[in-house]
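Undergrad: Here the sequence shown is numbered in the working numbering, starting from -9 and rising by one per residue.
Yeah, the Cβ is synthetic: ideal placement off N, Cα and C, and Gly gets one too.
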Amino acid sequence: MGHDEQQIVLDLGVPVEQTEWGKWVDSDRRMAQVRKFLDYAGLREIPAAPWHEGDPELAKLDAAVADLFPDMATAMEPERADMADAFICFLGECFITFAGAHWEDYEWFGRENSFYDHVNPLLEYGFDTDGDTAFGLMKLMIEDYDPADGGMFSGMADMLREFADDYAASRDGA
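1. Mind checking who H92 pairs with in its DSSP beta bridge?
2. Look up D122 in the DSSP assignment and give the residues it is bridged to.
3. Write down the C-beta distance between K50 and L33 rounded to the nearest angstrom, noting that I regard them as a contact closer than 8 angstroms.
4. Here's a check: name, in chain order, each residue in its chain whose Cβ is nearer than 8 angstroms to the Cβ of H(-7), leaving out the five neighbours to either side.
5. Grab the span of the alpha helix (DSSP H) containing R101 for me, first residue to last.
6. Taking just the CA atoms, how far does W11 sit from I(-2)?
7. Could you compute how far the alpha carbon of E69 sits from the alpha carbon of F59?
8. Tell me which same chain residues have a C-beta within less than 7 angstroms of the C-beta of G145, skipping the five on either side of it?
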């Protein structure tokens, strides 16, 4: 085996503590949270393509989101933290799947601007547009949706479809 093919493992016997960000972004943790939200909403999985307007699953998602997060104050309550995290992981996985996004550790501006005590997750999209923090996406979904256009998640589904199209166009060189 040549030098380039060898992997040297050095165990100094000193446990390495995972950072708060490392704990949050851990894919097994996030997938467990995604499953928790899917179960709550009564869905089996995230579809292969964004939900189309009128998709029956949107009604389930709109109802689940309205029940959990009728306003930002409720969404930020400590007793909602686990389900807020489950939904954030779910929403992030949707953007990862449909828009080529990935999570990044963003500057933490305090607990009043984050759903978390020491991290501020940011979704960086797979095409040329500004990223969004988890807090910013939740605030957009809860405070800026138009009830005439459907429920809160239906507004996010519109954004997912738009971002999926933008991501596909960026990959096609358009």
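TA: A quick look at the data gives this:
1. Residue pairing by DSSP places H92 opposite E114 in a beta bridge.
2. L113
3. 6 angstroms
4. With a pLDDT of 45 at H(-7), under the threshold of 50, the modelled position of that residue is not reliable, and no figure is offered here.
5. Neither: R101 is in no alpha helix (DSSP H) and is coded neither H nor E.
6. Below a pLDDT of 50, predicted positions are generally treated as unreliable, and I(-2), at 49, falls in that range; no measurement from the model is reported.
7. 12 angstroms
8. M131, Y135, D139
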